[in-house]
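Asks: Right, I'll just put the structure down here and ask away after.
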Amino acid sequence: MKKTVEQLVEITGGRLIGDGNVVIRDVASLEEAGPGEITFILDKAKLKLLPSIKAGAIIVPEGDYQPGAGNLIATRNPQIAFAKAMDVFRPALLPGPGIHPKAEVSARASVGEGVSIQAYAVVEKGATIGPRTVVYPGVYIGQDARIGADCIIYSGVAIREGCIIGDRVIVHCNTVIGSDGFGYAWDNDLNGYRKLPQRGIVRIDDDCELGACVTVDRAAIGETVIGSGSKIDNLVQVAHNVKIGEHAIIVAQVGIAGSVRVGDRVQIGGQVGIVGHIDIGDGAMIGAQSGISGPVPSKAIYSGTPAIPHHDWLKASVIFAKLPELKKKINELEKRLAEIEGKKG
Amino acid sequence: MKKTVEQLVEITGGRLIGDGNVVIRDVASLEEAGPGEITFILDKAKLKLLPSIKAGAIIVPEGDYQPGAGNLIATRNPQIAFAKAMDVFRPALLPGPGIHPKAEVSARASVGEGVSIQAYAVVEKGATIGPRTVVYPGVYIGQDARIGADCIIYSGVAIREGCIIGDRVIVHCNTVIGSDGFGYAWDNDLNGYRKLPQRGIVRIDDDCELGACVTVDRAAIGETVIGSGSKIDNLVQVAHNVKIGEHAIIVAQVGIAGSVRVGDRVQIGGQVGIVGHIDIGDGAMIGAQSGISGPVPSKAIYSGTPAIPHHDWLKASVIFAKLPELKKKINELEKRLAEIEGKKG
Amino acid sequence: MKKTVEQLVEITGGRLIGDGNVVIRDVASLEEAGPGEITFILDKAKLKLLPSIKAGAIIVPEGDYQPGAGNLIATRNPQIAFAKAMDVFRPALLPGPGIHPKAEVSARASVGEGVSIQAYAVVEKGATIGPRTVVYPGVYIGQDARIGADCIIYSGVAIREGCIIGDRVIVHCNTVIGSDGFGYAWDNDLNGYRKLPQRGIVRIDDDCELGACVTVDRAAIGETVIGSGSKIDNLVQVAHNVKIGEHAIIVAQVGIAGSVRVGDRVQIGGQVGIVGHIDIGDGAMIGAQSGISGPVPSKAIYSGTPAIPHHDWLKASVIFAKLPELKKKINELEKRLAEIEGKKG
Numbered sequence: 000m001k002k003t004v005e006q007l008v009e010i011t012g013g014r015l016i017g018d019g020n021v022v023i024r025d026v027a028s029l030e031e032a033g034p035g036e037i038t039f040i041l042d043k044a045k046l047k048l049l050p051s052i053k054a055g056a057i058i059v060p061e062g063d064y065q066p067g068a069g070n071l072i073a074t075r076n077p078q079i080a081f082a083k084a085m086d087v088f089r090p091a092l093l094p095g096p097g098i099h100p101k102a103e104v105s106a107r108a109s110v111g112e113g114v115s116i117q118a119y120a121v122v123e124k125g126a127t128i129g130p131r132t133v134v135y136p137g138v139y140i141g142q143d144a145r146i147g148a149d150c151i152i153y154s155g156v157a158i159r160e161g162c163i164i165g166d167r168v169i170v171h172c173n174t175v176i177g178s179d180g181f182g183y184a185w186d187n188d189l190n191g192y193r194k195l196p197q198r199g200i201v202r203i204d205d206d207c208e209l210g211a212c213v214t215v216d217r218a219a220i221g222e223t224v225i226g227s228g229s230k231i232d233n234l235v236q237v238a239h240n241v242k243i244g245e246h247a248i249i250v251a252q253v254g255i256a257g258s259v260r261v262g263d264r265v266q267i268g269g270q271v272g273i274v275g276h277i278d279i280g281d282g283a284m285i286g287a288q289s290g291i292s293g294p295v296p297s298k299a300i301y302s303g304t305p306a307i308p309h310h311d312w313l314k315a316s317v318i319f320a321k322l323p324e325l326k327k328k329i330n331e332l333e334k335r336l337a338e339i340e341g342k343k344g
Numbered sequence: 000m001k002k003t004v005e006q007l008v009e010i011t012g013g014r015l016i017g018d019g020n021v022v023i024r025d026v027a028s029l030e031e032a033g034p035g036e037i038t039f040i041l042d043k044a045k046l047k048l049l050p051s052i053k054a055g056a057i058i059v060p061e062g063d064y065q066p067g068a069g070n071l072i073a074t075r076n077p078q079i080a081f082a083k084a085m086d087v088f089r090p091a092l093l094p095g096p097g098i099h100p101k102a103e104v105s106a107r108a109s110v111g112e113g114v115s116i117q118a119y120a121v122v123e124k125g126a127t128i129g130p131r132t133v134v135y136p137g138v139y140i141g142q143d144a145r146i147g148a149d150c151i152i153y154s155g156v157a158i159r160e161g162c163i164i165g166d167r168v169i170v171h172c173n174t175v176i177g178s179d180g181f182g183y184a185w186d187n188d189l190n191g192y193r194k195l196p197q198r199g200i201v202r203i204d205d206d207c208e209l210g211a212c213v214t215v216d217r218a219a220i221g222e223t224v225i226g227s228g229s230k231i232d233n234l235v236q237v238a239h240n241v242k243i244g245e246h247a248i249i250v251a252q253v254g255i256a257g258s259v260r261v262g263d264r265v266q267i268g269g270q271v272g273i274v275g276h277i278d279i280g281d282g283a284m285i286g287a288q289s290g291i292s293g294p295v296p297s298k299a300i301y302s303g304t305p306a307i308p309h310h311d312w313l314k315a316s317v318i319f320a321k322l323p324e325l326k327k328k329i330n331e332l333e334k335r336l337a338e339i340e341g342k343k344g
Numbered sequence: 000m001k002k003t004v005e006q007l008v009e010i011t012g013g014r015l016i017g018d019g020n021v022v023i024r025d026v027a028s029l030e031e032a033g034p035g036e037i038t039f040i041l042d043k044a045k046l047k048l049l050p051s052i053k054a055g056a057i058i059v060p061e062g063d064y065q066p067g068a069g070n071l072i073a074t075r076n077p078q079i080a081f082a083k084a085m086d087v088f089r090p091a092l093l094p095g096p097g098i099h100p101k102a103e104v105s106a107r108a109s110v111g112e113g114v115s116i117q118a119y120a121v122v123e124k125g126a127t128i129g130p131r132t133v134v135y136p137g138v139y140i141g142q143d144a145r146i147g148a149d150c151i152i153y154s155g156v157a158i159r160e161g162c163i164i165g166d167r168v169i170v171h172c173n174t175v176i177g178s179d180g181f182g183y184a185w186d187n188d189l190n191g192y193r194k195l196p197q198r199g200i201v202r203i204d205d206d207c208e209l210g211a212c213v214t215v216d217r218a219a220i221g222e223t224v225i226g227s228g229s230k231i232d233n234l235v236q237v238a239h240n241v242k243i244g245e246h247a248i249i250v251a252q253v254g255i256a257g258s259v260r261v262g263d264r265v266q267i268g269g270q271v272g273i274v275g276h277i278d279i280g281d282g283a284m285i286g287a288q289s290g291i292s293g294p295v296p297s298k299a300i301y302s303g304t305p306a307i308p309h310h311d312w313l314k315a316s317v318i319f320a321k322l323p324e325l326k327k328k329i330n331e332l333e334k335r336l337a338e339i340e341g342k343k344g
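Residue numbers (numbering that gives the first Met the number 0), protein chains in the order written: chain A, 0 to 344; chain B, 0 to 344; chain C, 0 to 344.
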């Protein structure tokens, strides 16, 4: 694949400073890019490195550039421009369409045009797979599950019976969608816990992406929902009947307990835990490792366990580290006070 | 499936208030239930909603009900009564018995009556599968592993060599039972870590349920044990030689380090971490995200990192949030004290 | 398998005290070892149990032993000596060489001598598998992936396209290597997040071991690296472009965010979270559940969230539990001070 800088300006939608005729053959990182490669700078502080960068072209944040600083493509969003360049030079490596002879696809499943189903995948009766969706080896798609168009389902994923996946959804290896929610009640007659049947489904809307080894439990009744455009990182747990809004960002190893409602555009840092049956308001942000034990207002920024407004948590955390000092000071004050009291006695 | 309210009264073991002849065809949530559906109320505070509920029948906690509030089934445990109604209207969707021609079952494995083994499952030599157990696609059952009767092993589960699973055990997708424990010793001769062989097994007793993507490591020597009736949520880590008692409840993403003993009926909240080689006493409860670095007495309730009695932790946490205030007050006291000391000097 | 104590002395490299002619047939734990079994004592405090131990031979830490205390094998490192005895009596149970007829190995893959590829494993075109490596059922090895010699890849593992695994690497069930890194940028044109393509790889060097359900994301560009001899426990998350040094020990459920550099011989306790783009210096140790939000110096020991030096954290944690007491004392001091001020007014 070859593109001139001029062609890349057109693809990325940027503004050219420098020589548009230079030929580019690949993308590379800032440190490693050579003359035939394109790279990018996101952070304006790094622009001072420009003279030492050997890249054939550099995508830079919009600004006032002088000729001679290299072949620059200035744009409002260098990450997105670079993503477009990546798509040109390093397109995704996906298997071609067709059902592998070693896949097990029920005669009563419905498979759209251009679908790719790889070896040892299982598609049960009543399941639907939309056009151009790719199903990697060893995937399990349960009875009556519905998967939309242009999805990528990587190896080892399980999508259990009845679950619904929208269009352009990506699910990474070994993720589990639709496992039973965690519900039991102590039953004296059994002298043990009785399983509360989990007969709802999971619904994942368009344009979501789920990382590897994510678990999303099916609802007891009704639906566990992940709203369109939301992105979920590896090893996240989403319990039964959770409703996640649109365009949420949930970082690795977060755990969300049952029936929580996560609003639109919420951002949740890694390893956060959220207790059941509460609301996280639209646009809220939650710091990594926080423990959320009550509702979080819209657009609030919370941290800590139990979580409090982030700014307060930062201030309290600084003092936490100084508790031994503080305690010493209190003891000293007490001594000085006792001395005064003694003199007055 | 159709049942009259009277028939459901018999199935659930409740007491009828209202019309026993109404026909019910499905279960539904409180919000969504219509005339042909049965729902339930767990929380007495919600009984005031009764007049507005459209359900054909409502399971309610035992109490003093007047006719006219709908068709009620009063019972000591509405969750269990509703679970029985769920089993009637929405039975589990399990594959029928038989070994799929695309499963790979060793001629030297022993498979009980009525077993279902689905496509691409592997059962190694010497393994035993009890009557009526269901093995979903892509499951791996290692050499000499023993699985009891009436189990459900969902897709992608691995049960490694020699591990023992009791009766009526449910294991959700992609869970791993019997992976090697995490044990190494630095070896100067190798100038690196030497692996300490892990040659014990995992034993999971009757009526346990393990969520999705759970990992239970085999013992170094001897057994890692999960006692009968215990329930383990998604993404939990159980290290080598851990012994979990009966009827324990372990919520998602908990990590239990090596050789811990968890007593009977212990309840562990989500994302808790437990350091190795300690005892958690029978009936203890541990708050979500706690870090347990020492033994926990029977029936104690602990929280925090390091964990302390839950009540103390709650009180300390409230003050943590006010540390900046507290520090200010101390500084102010110091100033006032210095003033008095100055006047006296 | 039978060995005399004398033969075991030779195998383990220890020093004999007692009868070298006794025959040993198996290993056992300290509590359970009988006359035909060998066991070990690591902790010198347990040497006082020697008279009551029934084992045929006991590996003990080097010291001054009198005859009559049993058949002892004294050595500087009892764990390693015992590991060598384990390898004799309980060798790993691995399948023999050969490609199973129900494996799907591309004609354009390269498979070394003595390789074992089990049923329903998939090896894509361009992939390389080194001599004597064992690939268990249901493993997925993507296009152009390269796996070294003498590796063990357990069932359900995914090694995605282009990733590189060294020699003698062990990967436990359902671990995912090379899933896409978690990278998005908000795109106003899409009114949603745009996926930033992740086109780098994962490189895992010689002698590493990864637990079950571990996720290691491929780099955006370049490599995510796990250095030789490093050991990673179950359910750990390693994000894109992380570089882990040699001989690191990373305990279960740790999460390491993007572009972190973890030095050589670093030890990270369970459930630790590390924020992106920072350095953990060589030989640093991080306490379980810590939240690392800034760089950690070489050989430092850190704990807490946000993490501080471990010793300071311990002291502050003790006072945290006593915050209610401290607050009471401050209020009392204030009262006493006000009284004095009043008298002076």
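Glycine included, every Cβ here is placed at the ideal spot set by N, Cα and C.
None of the values given here were measured: they were computed from a predicted structure.
1. Taking C/A106 as the query, report the chain A residues whose CB atoms sit under 7 Å from its CB, ordered along the chain.
2. Give the straight-line distance between the Cα atoms of A/D18 and A/A56, rounded to the nearest whole angstrom.
3. Can you pull the chain B neighbours of C/D86, defined as C-beta to C-beta under 9 Å?
4. Please return the same chain residues whose Cβ sits closer than 6 Å to the Cβ of C/I169, not counting the five positions on each side in sequence.
5. Note down the Cα distance separating C/E333 from B/E338, rounded to an integer number of angstroms.
6. Cα separation between A/G243 and C/G180?
7. Mind checking whether A/L336 and B/L336 have CB atoms under 9 Å apart?
8. Identify the contact partners of A/L322 in chain C, using a Cβ-Cβ distance below 7 Å as the criterion.
9. Would you mind stating whether A/A73 and A/I16 have Cβ atoms separated by less than 9 Å?
10. Unbroken beta strand (DSSP E) runs of length 3 or more, entirely within the segment 200-231 of chain A: which are they?
11. Between the C-alpha atoms of A/L322 and C/F319, what's the straight-line distance to the nearest angstrom?
12. List the residues of chain C that B/V8 touches, going by C-beta distances under 8 Å, in chain order.
13. How is C/F39 classed by DSSP in three states: helix, strand or coil?
14. Please report the straight-line C-alpha distance between B/T214 and A/L7, rounded to a whole angstrom.
15. What is the rounded straight-line gap between the Cα of B/I200 and the Cα of C/L92?
16. So A/G272 packs on A/G254, CB below 8 Å; how close in whole Å?
17. Does the CB of B/L332 have a neighbour CB from chain A at under 9 Å?
18. Can you list the alpha helix (DSSP H) stretches of 4 or more residues lying completely in the segment 266-297 of chain A, in chain order?
19. Assuming contact is defined by CB atoms lying nearer than 9 Å, are C/S115 and C/P100 in contact in what I supplied?
20. What separation, rounded to the nearest whole angstrom, lies between the Cα atoms of B/E257 and B/T223?
21. State yes or no: is the C-beta of A/L195 within less than 9 Å of the C-beta of B/F81?
22. Using a Cβ cut-off of 9 Å (strictly closer), state whether B/C212 contacts chain A.
23. From C/I40 to A/L29, what does the alpha carbon distance come to, in whole angstroms?
24. At a CB distance below 8 Å, what residues from the segment 21-44 of chain C approach chain B? Give them in sequence order.
25. Measure the beta-carbon distance from C/N173 to A/N233 and round it to whole angstroms, keeping in mind my assumption that it falls under 8 Å.
26. CA-CA distance, B/I140 and C/P94?
27. Please check if any C-beta of chain A sits within less than 9 Å of the C-beta of C/N70.
28. Just the C-alpha distance for A/V237 and C/I146, rounded to the nearest angstrom, thanks.
29. Could you check if A/L48 is buried or exposed, using at least 16 other CB atoms within 10 Å of its CB as the buried criterion?
30. Among the residues of its own chain, which have a CB less than 6 Å from the CB of B/I220, if the five just before and after it don't count?
31. Would you kindly report the start and end of the unbroken beta strand (DSSP E) that includes C/K194?
32. Cβ atoms of B/A102 and B/A126: under 9 Å apart, would you say?
33. Quick one: Cα of A/H239 to Cα of A/I291, how far?
Replies: From the atom records:
1. The residue given as residue 106 of chain C occupies position 107 in the third sequence. Simply none; closest approach about 14 Å.
2. Counted from its first residue, the first sequence places residue 18 of chain A at position 19. Counted from its first residue, the first sequence places residue 56 of chain A at position 57. When rounded, the distance between both Cα atoms is 9 Å.
3. Sequence index remark: in the third sequence, residue 86 of chain C carries index 87 (1-based). Within chain B, the residues near C/D86 are P196.
4. Numbered from 1 along the third sequence, position 170 holds the residue referred to as residue 169 of chain C. The residues are I151, E208.
5. The residue you call residue 333 of chain C lines up with position 334 of the third sequence. The residue you call residue 338 of chain B lines up with position 339 of the second sequence. So the two alpha carbons sit approximately 14 Å from each other.
6. Residue mapping note: residue 243 of chain A aligns to position 244 of the first sequence, counting from 1. Residue mapping note: residue 180 of chain C aligns to position 181 of the third sequence, counting from 1. Looking at the sequence provided, one finds Ile at residue 243 of chain A rather than Gly. Approximately 21 Å, taken between the alpha carbons.
7. On the first sequence, residue 336 of chain A is found 337 positions in, with the first residue counted as 1. On the second sequence, residue 336 of chain B is found 337 positions in, with the first residue counted as 1. Yes, they are a contact pair.
8. By 1-based counting over the first sequence, the position of residue 322 of chain A is 323. Within 7 Å Cβ-Cβ: A315, I318, F319.
9. Looking up residue 73 of chain A in the first sequence gives position 74. Looking up residue 16 of chain A in the first sequence gives position 17. Yes. Within cutoff.
10. 200-203, 214-216, 222-225
11. In the first sequence, residue 322 of chain A corresponds to position 323, counting from 1. In the third sequence, residue 319 of chain C corresponds to position 320, counting from 1. For A/L322 and C/F319, the distance between alpha carbons rounds to 8 Å.
12. Reading the second sequence from its first residue, position 9 is the one you call residue 8 of chain B. The premise fails here: B/V8 is roughly 45 Å from chain C at the closest Cβ pair, so nothing lies under 8 Å.
13. Looking up residue 39 of chain C in the third sequence gives position 40. Of the three classes helix, strand and coil, the one that applies to C/F39 here is strand, per DSSP.
14. In the second sequence, counting from the first residue as 1, residue 214 of chain B sits at position 215. In the first sequence, counting from the first residue as 1, residue 7 of chain A sits at position 8. Spanning the two alpha carbons is a distance of roughly 47 Å.
15. As a position in the second sequence, residue 200 of chain B is number 201, starting the count at 1. As a position in the third sequence, residue 92 of chain C is number 93, starting the count at 1. Cα to Cα, B/I200 sits roughly 13 Å from C/L92.
16. Taking the first residue of the first sequence as position 1, residue 272 of chain A is located at position 273. Taking the first residue of the first sequence as position 1, residue 254 of chain A is located at position 255. So it is a contact: roughly 5 Å between Cβ atoms.
17. Position 333 of the second sequence, counted from the start, is the residue given in the question as residue 332 of chain B. Yes, because at least one Cβ of chain A sits closer than 9 Å to the Cβ of B/L332.
18. none
19. Position 116 of the third sequence, counted from the first residue, corresponds to residue 115 of chain C. Position 101 of the third sequence, counted from the first residue, corresponds to residue 100 of chain C. Cβ distance not < 9 Å, so C/S115 and C/P100 don't count as in contact.
20. Taking the second sequence and counting its residues from 1, one reaches residue 257 of chain B at position 258. Taking the second sequence and counting its residues from 1, one reaches residue 223 of chain B at position 224. Here residue 257 of chain B is Gly; the residue named in the question, Glu, does not match the sequence. Near 9 Å, if we compare the C-alpha coordinates of B/T223 and B/G257.
21. Residue 195 of chain A sits at position 196 when you count from the first residue of the first sequence. Residue 81 of chain B sits at position 82 when you count from the first residue of the second sequence. Against a cut-off of 9 Å, the Cβ pair of B/F81 and A/L195 comes out as a contact.
22. If you number the second sequence from 1, residue 212 of chain B lands on position 213. Yes, its Cβ sits closer than 9 Å to a Cβ of chain A.
23. Residue numbering aside, residue 40 of chain C sits at position 41 when the third sequence is read from its first letter. Residue numbering aside, residue 29 of chain A sits at position 30 when the first sequence is read from its first letter. Answer to the nearest angstrom: the Cα atoms are 54 Å apart.
24. V26, A27, S28, E31
25. The count along the third sequence starts at 1 and reaches residue 173 of chain C at position 174. The count along the first sequence starts at 1 and reaches residue 233 of chain A at position 234. So it is not a contact: roughly 13 Å between Cβ atoms.
26. By one-based count along the second sequence, residue 140 of chain B stands at place 141. By one-based count along the third sequence, residue 94 of chain C stands at place 95. When rounded, the distance between both Cα atoms is 13 Å.
27. In the third sequence, counting from the first residue as 1, residue 70 of chain C sits at position 71. No, because no Cβ of chain A sits closer than 9 Å to the Cβ of C/N70.
28. As a first step, residue 237 of chain A is located in the first sequence; it is residue number 238 there, counting from the start. As a first step, residue 146 of chain C is located in the third sequence; it is residue number 147 there, counting from the start. Looking at the two C-alpha atoms, the distance is approximately 34 Å.
29. Here the question's residue 48 of chain A lines up with position 49 in the first sequence. Answer is exposed; the Cβ neighbour count stays below 16.
30. Residue 220 of chain B sits at position 221 when you count from the first residue of the second sequence. So the list reads G199, once near-sequence residues are dropped.
31. Residue 194 of chain C sits at position 195 when you count from the first residue of the third sequence. Looking at the DSSP string, the run of the beta strand (DSSP E) that includes C/K194 is 191-194.
32. In the second sequence, counting from the first residue as 1, residue 126 of chain B sits at position 127. In the second sequence, counting from the first residue as 1, residue 102 of chain B sits at position 103. No, the pair does not count as a contact, with Cβ atoms beyond the cut-off.
33. Along the first sequence, read from residue 1 onward, the residue named residue 239 of chain A stands at position 240. Along the first sequence, read from residue 1 onward, the residue named residue 291 of chain A stands at position 292. Their backbone Cα atoms lie some 17 Å apart in a straight line.
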